[in-house]
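Colleague:
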Amino acid sequence: SQKIEQNSEALNIQEGKTATLTCNYTNYSPAYLQWYRQDPGRGPVFLLLIRENEKEKRKERLKVTFDTTLKQSLFHITASQPADSATYLCAPRVKAAGNKLTFGGGTRVLVKP
Amino acid sequence: DTAVSQTPKYLVTQMGNDKSIKCEQNLGHDTMYWYKQDSKKFLKIMFSYNNKELIINETVPNRFSPKSPDKAHLNLHINSLELGDSAVYFCASSQGLVTDTQYFGPGTRLTVL
Chain E
1 SQKIEQNSEA LNIQEGKTAT LTCNYTNYSP AYLQWYRQDP GRGPVFLLLI
51 RENEKEKRKE RLKVTFDTTL KQSLFHITAS QPADSATYLC APRVKAAGNK
101 LTFGGGTRVL VKP
Chain B
114 DTAVSQTPKY LVTQMGNDKS IKCEQNLGHD TMYWYKQDSK KFLKIMFSYN
164 NKELIINETV PNRFSPKSPD KAHLNLHINS LELGDSAVYF CASSQGLVTD
214 TQYFGPGTRL TVL
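These protein sequences, in sequence, are chains E and B. Going by this note's numbering, the first residue of the first sequence is number 1, and it counts up by one from there. Going by this note's numbering, the first residue of the second sequence is number 114, and it counts up by one from there.
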């Protein structure tokens, strides 16, 4: 069965360091992979999308990689700030599924000053 | 201006009752969704509507009935509420079926006693 795995343990990181989050998927061939941020008590907010033919995508201090051979996406937050503290969700999407997003369980990031 | 809004934000009710959650989007989007986020924080799609037509129905009990009176609204009616229905329900919208970014509402926390 299709599975999306994100590290369920919280990632504690010092301000200014780079946080790296992992999203592994099995029995999937996603055409796209998205990353969302979710703050407590709020809905997810879209951050980045990377397509299967792209190796890397950047947006300000965020960087996403997509390795279709390893079936893995890495999400990096460089020069992390306390305001980056949130849960980050990955969501692979298969073309045939229309716009159905399937989310991983998310990884909580806590950036300490 | 709130892009995707939901009411109510909190809903506490007894088992066996019937309740509705309302969702409205002012983004001019064609597609709307309902997601359920359980206590383990997994976000799962329930329904998707495109131009008032049901597109995705993810093996949700038929006690859950979505209704889309127009493109800007997608309401969720739940009959005979059960303890297991307790969760946070998120509404979302996107430009179309193949557009990648989904915009989420703030969520409705449903507690069934």
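Glycine included, each C-beta is placed from N, C-alpha and C at the ideal position.
Distance cutoff 8 angstroms, beta carbons only. Does E:P44 sit that close to anything in chain C?
Modeller: Chain labels in this structure do not include chain C; the protein chains are E and B.
Colleague: What are the start and end residues of the beta strand (DSSP E) that includes E:T65?
Modeller: Along the first sequence, read from residue 1 onward, the residue named residue 65 of chain E stands at position 65. Per DSSP, E:T65 belongs to the beta strand (DSSP E) from L62 to D67.
Colleague: Should B:N188 be labelled buried (16 or more other beta-carbon atoms within 10 Å of its own) or exposed?
Modeller: Locating residue 188 of chain B in the second sequence gives position 75, counting from the first residue. With 16 or more Cβ atoms within 10 Å of its Cβ, B:N188 is classed as buried.
Colleague: According to a CB-to-CB cut-off of less than 8 angstroms, which residues of the segment 78-109 of chain E neighbour chain B?
Modeller: Cβ contacts with chain B come from T87, L89, R93, G98, N99, K100, L101, T102, F103, G105 and G106.
Colleague: For E:P40 and E:F103, I'd like the C-alpha separation in whole angstroms.
Modeller: Within the first sequence, numbered from 1, the residue matching residue 40 of chain E stands at position 40. Within the first sequence, numbered from 1, the residue matching residue 103 of chain E stands at position 103. Roughly 17 angstroms separates the two Cα atoms.
Colleague: Using 8 angstroms as the threshold, is the segment 123-133 of chain B in touch with the segment 141-152 of chain B, meaning 3 or more CB pairs across them?
Modeller: No, the segment 123-133 of chain B does not touch the segment 141-152 of chain B.
Colleague: Mind pulling the chain E residues with CB within less than 9 angstroms of B:F203?
Modeller: The sequence position of residue 203 of chain B within the second sequence is 90, counting from 1. What B:F203 touches in chain E: G43 and P44.
Colleague: Within its chain, find whatever has a CB closer than 6 angstroms to the CB of B:M145; leave out the 5 residues flanking it on each side and keep chain order.
Modeller: Taking the first residue of the second sequence as position 1, residue 145 of chain B is located at position 32. Same-chain partners within the cutoff: Y162, L187 and S206.
Colleague: If you compare alpha carbons, which of E:S80, E:R58, E:Q34 and E:E56 is closest to E:G106?
Modeller: Within the first sequence, residue 106 of chain E is the residue found at index 106, counting from 1. Of E:S80, E:R58, E:Q34 and E:E56, the residue nearest in Cα terms is E:Q34.
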